[in-house]
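**Student:**
2 protein chains.
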Amino acid sequence: MDNSNMNGLSVLDRVRVVLSRPSHPGNIGAAARAMKTMGLSRLWLVSPASFPDPVAEARACGAVDILGSARVADSLQEALSGTVFTAGLTARRRDLSATRLDPRAAAAELVQWSQNTSGEVALVFGNEASGLSNEELGLCALPVTIPANPAYASLNLGAAIQLMCYELRLAAMEQTGGTPFLPAEPLPEPATNDEIEKFFSHLKSSIEASGFLDPDKPRRLMPKLRRLFGRARLEKEEIAILRGILASFDTGIKATRQKQ
Amino acid sequence: MDNSNMNGLSVLDRVRVVLSRPSHPGNIGAAARAMKTMGLSRLWLVSPASFPDPVAEARACGAVDILGSARVADSLQEALSGTVFTAGLTARRRDLSATRLDPRAAAAELVQWSQNTSGEVALVFGNEASGLSNEELGLCALPVTIPANPAYASLNLGAAIQLMCYELRLAAMEQTGGTPFLPAEPLPEPATNDEIEKFFSHLKSSIEASGFLDPDKPRRLMPKLRRLFGRARLEKEEIAILRGILASFDTGIKATRQKQ
Numbered sequence: 004m005d006n007s008n009m010n011g012l013s014v015l016d017r018v019r020v021v022l023s024r025p026s027h028p029g030n031i032g033a034a035a036r037a038m039k040t041m042g043l044s045r046l047w048l049v050s051p052a053s054f055p056d057p058v059a060e061a062r063a064c065g066a067v068d069i070l071g072s073a074r075v076a077d078s079l080q081e082a083l084s085g086t087v088f089t090a091g092l093t094a095r096r097r098d099l100s101a102t103r104l105d106p107r108a109a110a111a112e113l114v115q116w117s118q119n120t121s122g123e124v125a126l127v128f129g130n131e132a133s134g135l136s137n138e139e140l141g142l143c144a145l146p147v148t149i150p151a152n153p154a155y156a157s158l159n160l161g162a163a164i165q166l167m168c169y170e171l172r173l174a175a176m177e178q179t180g181g182t183p184f185l186p187a188e189p190l191p192e193p194a195t196n197d198e199i200e201k202f203f204s205h206l207k208s209s210i211e212a213s214g215f216l217d218p219d220k221p222r223r224l225m226p227k228l229r230r231l232f233g234r235a236r237l238e239k240e241e242i243a244i245l246r247g248i249l250a251s252f253d254t255g256i257k258a259t260r261q262k263q
Numbered sequence: 004m005d006n007s008n009m010n011g012l013s014v015l016d017r018v019r020v021v022l023s024r025p026s027h028p029g030n031i032g033a034a035a036r037a038m039k040t041m042g043l044s045r046l047w048l049v050s051p052a053s054f055p056d057p058v059a060e061a062r063a064c065g066a067v068d069i070l071g072s073a074r075v076a077d078s079l080q081e082a083l084s085g086t087v088f089t090a091g092l093t094a095r096r097r098d099l100s101a102t103r104l105d106p107r108a109a110a111a112e113l114v115q116w117s118q119n120t121s122g123e124v125a126l127v128f129g130n131e132a133s134g135l136s137n138e139e140l141g142l143c144a145l146p147v148t149i150p151a152n153p154a155y156a157s158l159n160l161g162a163a164i165q166l167m168c169y170e171l172r173l174a175a176m177e178q179t180g181g182t183p184f185l186p187a188e189p190l191p192e193p194a195t196n197d198e199i200e201k202f203f204s205h206l207k208s209s210i211e212a213s214g215f216l217d218p219d220k221p222r223r224l225m226p227k228l229r230r231l232f233g234r235a236r237l238e239k240e241e242i243a244i245l246r247g248i249l250a251s252f253d254t255g256i257k258a259t260r261q262k263q
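Residue numbers (my numbering), protein chains in the order written: chain A, 4 to 263; chain B, 4 to 263.
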């Protein structure tokens with residue numbers, strides 16, 4: 004958006020807002036409106052119940068352009084493809100929750116990643132009733148939780164999107180206005196979402212072959228490993244190293260099998 | 004609310020959310036829901052177009068109790084009576100703008116006033132279409148403006164309320180000394196330094212055995228792997244998983260060697 008660029012907030016154009024399985028077209032319209040008020044523009048919809056829909060257009064008010072350029076994907080993987088960093092909203096407490104970020108920290112991290120890499124980042128919201136599934140959340144590098152009343156933490160989807168987009172705008176303003184003349188140290192190139200997914204596929208097949216992962220009794224092993232490497236925010240070179248290590252192990256495993 | 008008191012957030016019970024001349028009952032419901040998610044409870048309505056209204060109840064979801072205890076006033080003066088500090092939302096630029104607060108500063112000030120005086124404070128929102136009139140804004144001690152896209156600053160009323168209530172909750176948590184994040188889930192037990200060193204020894208010997216790491220040409224592989232896992236801050240359980248994986252690979256490698 005020209006306006007964002009003028010304000011040095013072009014980083015907001017590289018933030019995808021991904022709605023996974025939204026049930027109510029009104030919420031898609033509310034998302035578009037919330038995004039546009041904060042200068043965001045890239046809306047992705049994964050298997051929306053109804054889209055396009057006149058109800059969405061009515062709720063979007065002056066933000067129908069965001070609906071017009073929205074992308075529809077068949078899977079969350081597809082919507083995240085090509086991103087360098089992803090964060091997913093969750094209200095639930097679960098055992099993987101210890102590394103959750105609050106909205107402010109998550110916004111700072113998303114903006115920083117996008118700025119350092121010029122790559123796209125994604126903020127993922129789940130279905131209105133059920134939120135993100137464990138599997139969906141597992142595809143995100145980090146979970147984000149909005150601090151809410153423990154007795155009633157049920158934010159409306161549009162309200163949650165508004166709040167996150169607001170924090171993203173503030174983070175973008177802060178980071179572009181903070182120390183504009185001190186260029187950040189160039190960070191090593193981060194792995195893309197695709198590279199990370201390929202690594203996890205490789206890891207899974209290697210530890211299945213080695214007998215460590217029993218496909219019939221997976222014991223939440225892969226989610227735990229995703230959480231570990233998600234915290235690390237893998238770099239491109241590290242993926243190459245890890246996959247090299249796996250390949251060197253694969254050879255040994257194949258040899259064992261041939262022997263048997 | 005008991006819950007707020009338990010968390011030292013009783014100050015939120017002294018914040019009135021005042022909607023002046025709301026046109027759409029749906030927005031009154033959205034306001035109730037947004038307030039309750041952040042632990043606020045005192046809703047005041049000045050000359051609402053329709054209240055009570057089933058549309059408001061539907062939109063309030065589990066926050067109908069807030070609607071039930073809402074107060075209806077004939078004038079903004081009446082709704083502000085008895086408060087010690089008031090802030091009014093405005094998107095418009097006008098000559099008062101030099102003293103406008105952003106949401107974060109406004110929330111901090113509201114909480115501080117209420118805490119220092121044990122009095123009630125009010126946050127005032129205008130009509131959906133026209134906002135607060137100059138006269139209404141004149142009754143508030145300070146104007147507040149949400150930083151928004153100058154090309155499209157039209158926040159939905161419910162979204163604006165959600166955002167302000169969120170900032171109030173964060174401000175209350177900060178001023179009462181709580182962390183601005185969710186209370187205390189027990190962190191998974193971190194690995195000790197000793198356990199981490201044993202893991203790195205194991206990793207080194209496994210990738211030497213697999214042929215990936217050449218002891219004569221180590222190529223900074225181990226420092227790179229240390230950096231990766233260092234960023235993740237390994238937990239005790241994760242060390243057990245990683246060493247289990249290595250052991251499963253070691254078996255394959257040993258078999259290969261015996262074969263050779």
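Every residue, glycine too, gets a C-beta built ideally from N, C-alpha and C. Bear in mind the structure is a predicted one, so any value in this text is a computation, not a measurement.
(1) Rounded to whole angstroms, what's the CA-CA distance from A:V124 to A:N30? Just pull it up for me.
(2) What is the DSSP secondary structure of B:S84, counted as helix, strand or coil?
(3) If you compare alpha carbons, which of B:R236, B:P106, B:T195 is closest to B:L145?
(4) So A:A73 and A:L43 are supposed to be a Cβ contact under 8 Å. How far apart are they, rounded?
(5) Give the straight-line distance between the Cα atoms of A:A243 and A:R236, rounded to the nearest whole angstrom.
(6) Which term fits B:S213, buried or exposed, when burial requires 16 or more other beta carbons within 10 angstroms of its beta carbon?
(7) When Cβ atoms are compared, which residues of the region 105-130 of chain A fall closer than 7 Å to chain B?
(8) Have a look at the DSSP bridge pairing and note the partners of B:E123.
(9) So, do the region 191-210 of chain A and the region 245-260 of chain A have three or more beta carbon pairs nearer to each other than 8 Å?
(10) Distance cutoff 9 Å, beta carbons only. Does B:N152 sit that close to anything in chain A?
(11) Residues of chain B with CB under 9 Å from A:I244, in chain order?
(12) Roughly how many angstroms lie between the CA atoms of A:P51 and B:P153, to the nearest whole one?
(13) For B:S78, count neighbouring C-beta atoms within 10 Å of its own C-beta (all shown protein chains included) and say buried if the count is 16 or more, exposed if not.
(14) Once DSSP output is grouped into helix, strand and coil, what is the label at A:N159?
(15) I want to see whether chain B comes within less than 9 Å of A:F252, judged by CB atoms only; does it?
(16) Give the straight-line distance between the Cα atoms of B:P25 and B:N196, rounded to the nearest whole angstrom.
(17) Looking at the strands, I want to know which residues DSSP matches up with B:N130.
(18) Buried or exposed for B:R229, please, with buried defined as at least 16 other CB atoms from any protein chain shown within 10 angstroms of its CB.
(19) With DSSP run on the structure shown, which of helix, strand or coil describes B:E238?
(20) Using a C-beta to C-beta distance shorter than 9 Å, which residues of chain A count as neighbours of B:I31?
(21) Between B:I149 and the ligand ZN, is there a pair consisting of the residue's CB and a ligand heavy atom that are separated by less than 8 Å?
(22) Grab the span of the beta strand (DSSP E) containing A:V14 for me, first residue to last.
(23) Report the residues of the region 74-89 of chain A with a CB closer than 8 Å to any CB of chain B, ordered along the chain.
(24) Give me, in chain order, the residues of the same chain whose beta-carbon lies closer than 6 Å to that of A:V75; leave out the 5 immediate sequence neighbours on both sides.
(25) For a contact defined as C-beta to C-beta under 7 Å, what are the partners of B:M41 on chain A?
(26) Assign B:L249 to one of three DSSP states: helix, strand, or coil.
(27) Thinking C-beta only, is B:L158 closer than 9 Å to B:A110?
(28) Quick check: what's the CA-CA separation for A:K239 versus B:K227?
(29) Let me check understanding here. Comparing Cα to Cα, which of A:V21, A:R17, A:E200, A:P218 lies closest to A:Q118?
(30) If distances are taken between C-alpha atoms only, which option among A:Q165, A:V58, A:P55, A:Q178 comes closest to A:S13?
(31) Should A:R234 be labelled buried (16 or more other beta-carbon atoms within 10 Å of its own) or exposed?
(32) Locate the beta strand (DSSP E) running through B:L145, then write down its first and last residues.
(33) For A:G161, decide whether its Cβ has a neighbour in chain B, counting only Cβ atoms nearer than 9 Å.
(34) Look at the alpha carbon of B:F88 and the alpha carbon of B:E112, and state the distance between them as a whole number of angstroms.
(35) Beta strand (DSSP E) containing B:A194: first to last residue?
(36) Starting from the C-beta of A:P28, find all residues in its chain whose C-beta is less than 7 Å away, skip the five residues before and the five after it, and write them out in chain order.
**Tutor:** In terms of the structure at hand:
(1) 22 Å
(2) coil
(3) B:P106
(4) A:A73 to A:L43, Cβ: 12 Å. No contact.
(5) 14 Å
(6) buried
(7) D105
(8) B:T86
(9) yes
(10) yes
(11) F215, L224, K227, L228, L231
(12) 30 Å
(13) exposed
(14) coil
(15) yes
(16) 60 Å
(17) B:G134
(18) exposed
(19) strand
(20) The contacting residues do not exist; B:I31 stays about 14 Å from chain A at best.
(21) By its list of ligands, the structure shown contains no ligand whatsoever, and the ligand ZN lies outside what it can speak to.
(22) Looking at the DSSP string, A:V14 is not in any beta strand (DSSP E), and its letter there is neither H nor E.
(23) none
(24) L48
(25) A151, N152
(26) helix
(27) no
(28) 12 Å
(29) A:R17
(30) A:Q178
(31) buried
(32) 145-147
(33) yes
(34) 9 Å
(35) Per DSSP, B:A194 belongs to no beta strand (DSSP E) and is neither H nor E.
(36) S53, F54, D56, V58, A59
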